[in-house]
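Scroll down for the structure; my scribbles are underneath it.
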Amino acid sequence: MGLVYELQGKTFKIVYTVCSKLKIVKFYEFYQMSYSIDWQQSLENLSNVELKKYSIPQIGDPKKYVKAVEYISNGVTTPHDLGLVMGSQATKAKDIARRGYYFSDFLKEIGLLELDKVGRQVCTYRLTDKGELITKTIDSNTKYRLFAESLLGFVPIQIIISATTRGEEQLTLELIRDVIKEFSLDSCGGETNPRRAKSVRALINWLSRWAGIPICREGQEGVQLYIPHIYAN
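Position 14 of the sequence shown, counted from 1, bears residue number 28 in the working numbering, the numbering being contiguous throughout.
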């Protein structure tokens, strides 16, 4: 018995009561908070997608991609400079630039960035209208909603989400690796394929939570929403 409390964060809301005498907190409800993103529409025309090769992400943190977009908007326009501001610890210029490409290649793939070639090896960056929109909005939630919508336009992610939402597949690294092998621009040999598979899985986990997409996860028999901490690993 006692007062019923509600606590609301950005991604969830809980309903609970407190018994201070017994030092007990009893939880009654956990509500997933998602954002209004029409993810179902993005999966409607998968049968008509262009079967081509894509640059598969090697970074699984949405915050870093949004940060990279903001750096580019503020004047970082080359792979080398982007690699530096995004934390490269390499000493060789080509290795620093490689980290810059990790971000810019995927940002280009999801329609947030354009790459302009200057000579044979050097390129410069400029944001698309979608990319500029992310930098111009003040609200962080809107920034990530725009990024989530861009992720939903990436065909390999669409195929994986469709398989784990509408099909009978579980969101396993094996499934993701199979999709990567089919659609990747390069061979993804050695440790590259497992690393990229983990990055894609992290992006899908974040996207499913953000957009409220129910997914059949590894070891489950049915689909359900992503709840942080339970599937953190």
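Cβ coordinates follow ideal geometry from the N, Cα and C atoms, glycine included.
Please read all numbers here as calculations on a predicted model, not as lab measurements.
For the beta strand (DSSP E) that residue i lies in, which residues bound it at each end?
{"i": "Ile148", "result": "No beta strand (DSSP E) holds Ile148; the alpha helix (DSSP H) holding it covers 143–150."}
{"i": "Val18", "result": "18–22"}
{"i": "Thr105", "result": "No beta strand (DSSP E) holds Thr105; DSSP gives it neither H nor E."}
So which of the options has the shortest CA-CA distance to residue i?
{"i": "Glu232", "options": "Lys212, Cys137, Gln184", "result": "Gln184"}
{"i": "Phe117", "options": "Ala107, Ser102, Lys131", "result": "Ser102"}
{"i": "Ile70", "options": "Gly89, Phe120, Leu21, Val32", "result": "Phe120"}
{"i": "Leu141", "options": "Ile218, Thr92, Asp109, Phe197", "result": "Thr92"}
{"i": "Gly74", "options": "Ile227, Ala107, Phe161", "result": "Phe161"}
{"i": "Glu58", "options": "Ser222, Glu128, Val169, Pro208", "result": "Val169"}
{"i": "Ala177", "options": "Ser154, Lys40, Gln54, Tyr42", "result": "Gln54"}
{"i": "Glu10", "options": "Tyr68, Cys137, Ser87, Asp143", "result": "The question about residue 10 has no answer, for the chain in this structure spans 15 to 247."}
{"i": "Trp224", "options": "Arg210, Ser154, Thr186", "result": "Ser154"}
{"i": "Gln72", "options": "Tyr42, Thr138, Arg112, Leu221", "result": "Arg112"}
{"i": "Leu65", "options": "Lys212, Ala211, Glu196", "result": "Glu196"}
If you run the structure through DSSP and keep just helix, strand and coil, what is residue i?
{"i": "Ile229", "result": "strand"}
{"i": "Gly58", "result": "Reading the sequence as shown, one finds Glu at residue 58 and not Gly. Three-state DSSP puts Glu58 in coil, outside helix and strand."}
{"i": "Asp95", "result": "helix"}
{"i": "Asp130", "result": "strand"}
{"i": "Lys37", "result": "coil"}
{"i": "Ile73", "result": "coil"}
{"i": "Val90", "result": "coil"}
{"i": "Lys66", "result": "coil"}
{"i": "Ile218", "result": "helix"}
Have a look at residue i and residue j and give me their C-alpha separation to the nearest angstrom.
{"i": "Ile148", "j": "Tyr115", "result": "20 Å"}
{"i": "Leu17", "j": "Lys27", "result": "17 Å"}
{"i": "Val90", "j": "Glu182", "result": "44 Å"}
{"i": "Leu21", "j": "Cys33", "result": "16 Å"}
{"i": "Lys157", "j": "Thr151", "result": "7 Å"}
{"i": "Leu217", "j": "Leu98", "result": "23 Å"}
{"i": "Tyr19", "j": "Leu36", "result": "17 Å"}
{"i": "Ile244", "j": "Tyr30", "result": "Reliability of the predicted coordinates at Ile244 is poor, the pLDDT of 46 falling under 50, and no value is obtained from them."}
{"i": "Thr179", "j": "Ile229", "result": "5 Å"}
{"i": "Ser198", "j": "Gly167", "result": "16 Å"}
{"i": "Val193", "j": "Asp130", "result": "29 Å"}
{"i": "Arg126", "j": "His94", "result": "The amino acid occupying residue 126 in the given sequence is Leu; Arg does not appear at that position. Approximately 19 Å between the Cα atoms of the pair."}
{"i": "Gly164", "j": "Lys78", "result": "This sequence places Ser at residue 164; Gly is not what is there. Spanning the two alpha carbons is a distance of roughly 15 Å."}
{"i": "Ile227", "j": "Ile171", "result": "12 Å"}
{"i": "Ser56", "j": "Phe44", "result": "28 Å"}
{"i": "Gly23", "j": "Thr105", "result": "42 Å"}
{"i": "Met100", "j": "Asp109", "result": "13 Å"}
{"i": "Asp10", "j": "Glu128", "result": "Here the chain has residues from 15 to 247 only, and residue 10 is not among them."}
{"i": "Asn219", "j": "Arg191", "result": "16 Å"}
{"i": "Lys212", "j": "Lys81", "result": "20 Å"}
Tell me where the alpha helix (DSSP H) around residue i begins and ends.
{"i": "Phe197", "result": "187–197"}
{"i": "Thr178", "result": "169–179"}
{"i": "Glu183", "result": "Neither: Glu183 is in no alpha helix (DSSP H) and is coded neither H nor E."}
{"i": "Val80", "result": "76–87"}
{"i": "Leu165", "result": "154–165"}
Could you check how far apart the C-beta atoms of residue i and residue j are, in whole angstroms? I think they sit under 8 Å.
{"i": "Leu189", "j": "Ile174", "result": "7 Å"}
{"i": "Val214", "j": "Gly145", "result": "Contact doesn't hold; Cβ gap of about 21 Å is too wide."}
{"i": "Pro208", "j": "Leu187", "result": "7 Å"}
For a test of your reading of the model: does the CB of residue i fall under 7 Å from any non-hydrogen atom of the ligand NAD? Yes or no.
{"i": "Tyr85", "result": "In the structure on display, the ligand NAD does not appear, and there are no ligands present to speak of."}
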